[in-house]
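Engineer: Protein chains in written order, with this note's numbering: chain A, 342 to 928; chain B, 111 to 386. Positions of the beta carbon are idealized from the N, C-alpha and C atoms, including for glycine. Fair warning: this is a prediction, and the values are worked out from it, not measured in the lab.
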């Protein structure tokens with residue numbers, strides 16, 4: 342049963358006519374999805390630009406660059422880049438694009454709904470996210486600049502104001518406020534996703550017929566609902582410590598540059614770490630799960646084969662979601678937390694490797710015996726599998742406290758999480774972009790440019806992040822402005838140069854993607870057919886781009902599972918979910 | 111029906127994948143094998159134990175890494191679209207059970223196996239006679255305090271802290287126990303003798319990291335965290351800060367010197383003399 346909060350539901354099939362209601366404050370999930378993707382696209386280039394500055398400095402620390410005052414970067418500028426790169430990438434790209442962007446656009450369509458359950462709330466959550474981005478970016482422009490405490494913002498560095506360093510005054514306050522606003526936006530989005538998926542599924546769209554993309558969007562939304570509430574609380578407590586004189590995270594007796602801090606006592610810096618990582622670890626899965634869903638979807642579609650072990654895949658997604666809440670302590674092995682809990686967290690963390698391995702086996706199983714087509718969407722999905730394996734296995738080192746004692750806070754960790762939650766997740770999104778672009782805009786992305794984009798990116802990211810493992814093995818701590826003070830770091834400089842060259846190539850390839858998007862929107866090959874990929878899910882049963890209410894006022898009925906490819910006895914190698922059984926052509 | 115698109119299962123794309131995945135795997139495995147960039151030799155027993163666990167983990171993950179990347183390359187090449195009909199199987203419960211159980215045994219087993227190295231550092235306290243040294247992190251230096259002949263650390267007071275006048279820890283000179291305390295910007299320990307560190311911070315969170323000991327421990331404001339080790343090999347080893355502590359994080363650096371017991375006693379005497 343499909344009902345809408347904006348009155349009547351089936352009465353309204355026309356889009357609003359004014360520009361503002363249609364494109365700015367729109368309540369259409371498709372427009373909002375594109376708004377989120379645009380925000381993420383802006384943010385990813387911003388975040389990447391910041392990382393380029395870091396990489397240039399790390400490779401050639403004594404070279405002069407015209408964009409720095411006096412030509413040289415300062416330590417506080419470097420740490421501001423560290424903080425803002427991480428923050429923008431994790432929140433504004435990895436949380437928004439996979440879930441709020443693609444999820445918003447395709448979840449309602451894939452389940453056969455005319456819109457999200459709460460369209461106005463949907464609009465509100467986008468504009469709240471937008472506000473949050475503005476507040477965070479504003480941190481660059483206040484006195485002292487952006488915060489230097491990293492995206493994890495550990496107190497007491499983050500709790501005491503400017504006295505602990507430049508950027509820790511107004512910049513840090515804006516950062517916390519921006520993050521709190523982001524939490525609120527994500528909570529709204531999560532509620533909307535869960536309600537939509539539970540309530541608005543078309544007739545016949547049982548849970549067992551949900552595309553894996555929808556499963557991952559659902560589990561991600563549940564993770565978001567449980568995790569962002571905790572981060573919101575933590576942000577508010579930290580803000581109170583800073584502006585209201587409370588001491589949640591600050592103990593007594595501190596002395597900073599010879600000044601005694603008399604107005605705080607009784608707090609615990611570890612409390613922040615527990616709250617932050619209770620959010621922070623599920624956040625990793627918030628970033629990667631939708632990418633897993635898209636990858637499963639693409640592998641099946643372009644291997645022309647059913648997903649191998651659909652139920653195991655759903656079970657693995659739920660298992661990862663559940664275990665994701667039980668492992669936050671593995672970020673705190675060196676924090677001074679009880680060594681007994683560390684050991685428990687370690688075993689739980691090793692356990693989460695199991696559903697991840699199940700997914701990898703099933704992806705290979707999906708390809709096995711298939712008829713693999715190499716379009717750009719599929720290339721990125723295949724790249725995802727390779728990156729997921731490479732990035733995931735290093736987790737088995739970090740999950741063991743005895744090994745983490747050495748590797749913690751070194752480049753090994755940077756390599757691990759960038760490969761898995763950064764690059765693999767982004768590969769899922771690129772796969773989605775090449776796959777869904779024709780549906781969203783009625784034109785294909787250029788496949789030739791896309792192939793160049795894929796290969797440069799795939800090779801480039803391995804050149805960036807594989808060597809970082811070795812920097813970590815050599816003991817290179819992360820968040821280091823330069824290597825000047827530490828002897829053993831100096832012979833690692835050639836590795837930094839190599840990584841930076843990889844970064845320049847990778848980033849150039851992303852400009853190619855941006856060009857492809859803009860060029861294809863204007864002059865890309867038109868997607869005349871509804872279903873150019875011969876795919877099965879409901880978005881391919883409607884025109885490209887879809888009409889305002891998706892299904893033209895009709896209620897789709899679902900008869901098939903999501904991945905009925907190469908079914909014996911059928912003449913086509915795919916059976917769309919909405920095709921009535923008597924219309925399936927026999928071979 | 112729809113027109114056949116170009117490059118559906120292009121052999122060249124499949125080959126490119128095979129070449130890249132094989133090359134990436136071989137290069138990665140080679141660099142691990144050759145230990146081109148590696149940790150320095152450990153100077154304590156626990157370090158060697160940790161290294162052994164590292165190698166066990168590397169072996170298992172290495173096998174999985176090679177098998178998965180090459181398996182992916184094989185599948186991509188073997189099953190590229192050449193006009194064949196795709197298989198229609200939807201899964202295999204036996205295989206699901208086999209690889210689920212196998213990964214549980216492998217991963218959780220590895221985790222349980224790692225218990226010893228962790229337990230030795232953290233589940234047991236230092237022996238009663240261990241040399242006591244207090245480690246204090248502050249933006250952006252390390253200070254190390256020895257209790258002196260009385261084996262008692264004197265009182266410190268935050269309001270007495272003054273790095274500029276040479277009292278970085280705020281040692282209270284009215285406390286008799288503080289008279290013989292030795293404060294040093296480097297840490298010197300005798301080889302073969304157990305040392306217990308009490309790690310604290312005066313301002314923000316730092317992290318005490320010595321690669322050759324395979325040990326890292328955050329210095330957390332408001333907490334006193336204990337860590338113990340026995341260094342066997344004399345030499346100088348670098349100490350770095352591993353937890354972001356502000357703009358001077360990268361230069362928060364000191365030296366751990368391991369020397370013979372006799373040299374250590376002499377060093378202590380020199381320090382005490384300088385303290386008078």
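Which partner residues does residue 369(B) have in the DSSP bridge list?
Structural biologist: DSSP, once it has assigned bridges, lists 300(B) as partnering residue 369(B).
Engineer: Against chain B, does residue 779(A) count as a neighbour if the rule is that its beta carbon must be under 8 Å from one of theirs?
Structural biologist: Chain B contact via Cβ: absent.
Engineer: Cα-Cα, which of 308(B), 282(B), 314(B) and 339(B) is closest to residue 325(B)?
Structural biologist: Ranking 308(B), 282(B), 314(B) and 339(B) by Cα distance to residue 325(B) puts 339(B) first.
Engineer: Can you look up residue 114(B) in the DSSP assignment and give me helix, strand or coil?
Structural biologist: Reliability fails at residue 114(B), whose pLDDT of 46 lies under 50, so the model's placement of it is uncertain and the value that follows must be treated cautiously. Here residue 114(B) sits in coil by DSSP.
Engineer: Could you check what DSSP says for residue 740(A) in three-state terms: helix, strand or coil?
Structural biologist: The answer is coil: DSSP assigns residue 740(A) none of H, G, I, E or B.
Engineer: My assumption, with CB atoms under 8 Å, is that residue 737(A) sits in contact with residue 693(A). Please give the rounded CB distance.
Structural biologist: Contact flag wrong, Cβ pair sits at about 10 Å.
Engineer: Compute the Euclidean distance between the alpha carbons of residue 504(A) and residue 420(A), then round it to the nearest angstrom.
Structural biologist: The alpha-carbon atoms of residue 504(A) and residue 420(A) are separated by roughly 16 Å.
Engineer: Taking 8 Å as the CB-CB cut-off, is residue 171(B) touching chain A?
Structural biologist: By this cut-off, residue 171(B) is an interface position.
Engineer: For residue 821(A), does the count of other Cβ atoms within 10 angstroms reach 16, so buried, or fall short, so exposed?
Structural biologist: Residue 821(A) comes out buried.
Engineer: Have a look at residue 488(A) and residue 567(A) and give me their C-alpha separation to the nearest angstrom.
Structural biologist: Using only the alpha carbons, I get a separation of about 27 Å.
Engineer: Measuring straight from C-alpha to C-alpha, what distance separates residue 484(A) and residue 597(A)?
Structural biologist: Between residue 484(A) and residue 597(A), the C-alpha separation is close to 21 Å.
Engineer: What residues in the region 723-738 of chain A have a beta carbon less than 8 Å from any beta carbon of chain B?
Structural biologist: Those residues of the region 723-738 of chain A that come within reach of chain B (Cβ to Cβ, closer than 8 Å) are 723, 726, 727, 730, 731, 734, 735, 737 and 738.
Engineer: Sort out for me which residues DSSP pairs residue 320(B) with in a bridge.
Structural biologist: Beta-bridge pairing links residue 320(B) to 325(B) and 349(B).
Engineer: Could you name the residues of chain B that residue 914(A) contacts, counting a contact when the two beta carbons are closer than 8 Å?
Structural biologist: The answer, in chain order, is 195 and 196.
Engineer: Counting only beta-carbon atoms, is residue 480(A) nearer than 8 Å to chain B?
Structural biologist: No, residue 480(A) does not count as interfacial toward chain B.
Engineer: Give me whichever residues DSSP pairs with residue 425(A) in a beta bridge.
Structural biologist: Paired residue(s): none; residue 425(A) is not in a bridge.
Engineer: Measure the CB-CB distance between residue 775(A) and residue 721(A) and report whether it falls below 8 Å.
Structural biologist: Cβ atoms of residue 775(A) and residue 721(A): closer than 8 Å.
Engineer: Quick one: is residue 432(A) buried, meaning 16 or more other Cβ sit within 10 Å of its Cβ, or exposed?
Structural biologist: Burial call: buried.
Engineer: Alpha carbon to alpha carbon, how far is residue 144(B) from residue 367(B)? Give it in angstroms, no decimals.
Structural biologist: Each residue's alpha carbon lies about 29 Å from the other.
Engineer: At a CB distance below 9 Å, what residues from the region 339-368 of chain B approach chain A? Give them in sequence order.
Structural biologist: Under the 9 Å Cβ criterion, the region 339-368 of chain B contributes 348, 350, 351, 352, 353, 354, 355, 356, 357, 358, 359, 360, 361, 362 and 363.
Engineer: List, in order along the chain, the chain A residues whose C-beta lies closer than 7 Å to that of residue 378(B)?
Structural biologist: Here the premise fails: no neighbours, minimum Cβ distance about 26 Å.
Engineer: What does residue 751(A) pair with, by DSSP beta-bridge criteria?
Structural biologist: Its beta-bridge partners are 818(A).
Engineer: Residue 325(B) touches chain A at which residues, Cβ-Cβ below 7 Å?
Structural biologist: Simply 746.
Engineer: Mind checking which residues open and close the beta strand (DSSP E) that includes residue 76(B)?
Structural biologist: Residue 76(B) lies beyond the stretch modelled for chain B, which goes from 111 to 386, so this question has no answer here.
Engineer: If you scan the region 120-165 of chain B from start to end, which runs of the alpha helix (DSSP H) of 4 or more residues do you find wholly inside it?
Structural biologist: As far as the region 120-165 of chain B is concerned, its whole alpha helix (DSSP H) runs of at least 4 residues are 121-144.
Engineer: Could you compute how far the alpha carbon of residue 209(B) sits from the alpha carbon of residue 215(B)?
Structural biologist: Spanning the two alpha carbons is a distance of roughly 10 Å.
Engineer: Under 8 Å, do residue 356(B) and residue 249(B) count as touching if we go by C-beta distance?
Structural biologist: Yes, the pair counts as a contact, with Cβ atoms nearer than the cut-off.
Engineer: Let me confirm a value: residue 586(A) is counted as buried when at least 16 other C-beta atoms fall within 10 Å, else exposed. Which label applies?
Structural biologist: Its Cβ having fewer than 16 others within 10 Å, residue 586(A) is exposed.
Engineer: Please list, in chain order, all residues of the same chain as residue 371(A) whose beta carbon is under 7 Å from its beta carbon, the five residues on each side excluded.
Structural biologist: Counting only Cβ-Cβ distances below 7 Å, and skipping sequence neighbours, we find 446 and 887.
Engineer: Helix or strand or just coil, what does DSSP make of residue 927(A)?
Structural biologist: DSSP places residue 927(A) in strand when its eight states are reduced to three.
Engineer: Mind checking residue 714(A): buried by the 16 CB within 10 Å criterion, or exposed?
Structural biologist: Result: buried.
Engineer: Taking the alpha carbon of residue 927(A) as the point to measure from, which residue in 921(A), 911(A), 730(A) and 501(A) has its own alpha carbon closest?
Structural biologist: Comparing Cα-Cα distances from residue 927(A) to each of 921(A), 911(A), 730(A) and 501(A), the minimum goes to 911(A).
Engineer: Is it buried or exposed for residue 272(B), if we count other Cβ within 10 angstroms and need 16 for buried?
Structural biologist: Answer is exposed; the Cβ neighbour count stays below 16.
Engineer: Closer than 7 Å by beta-carbon distance: list the chain A residues that pair up with residue 317(B), in chain order.
Structural biologist: What residue 317(B) touches in chain A: 675 and 750.
Engineer: Given a cut-off of 8 Å, decide if residue 899(A) and residue 453(A) are closer than it, judged by their beta-carbon atoms.
Structural biologist: Cβ distance < 8 Å, so residue 453(A) and residue 899(A) count as in contact.
Engineer: Give the straight-line distance between the Cα atoms of residue 305(B) and residue 491(A), rounded to the nearest whole angstrom.
Structural biologist: Approximately 33 Å, taken between the alpha carbons.
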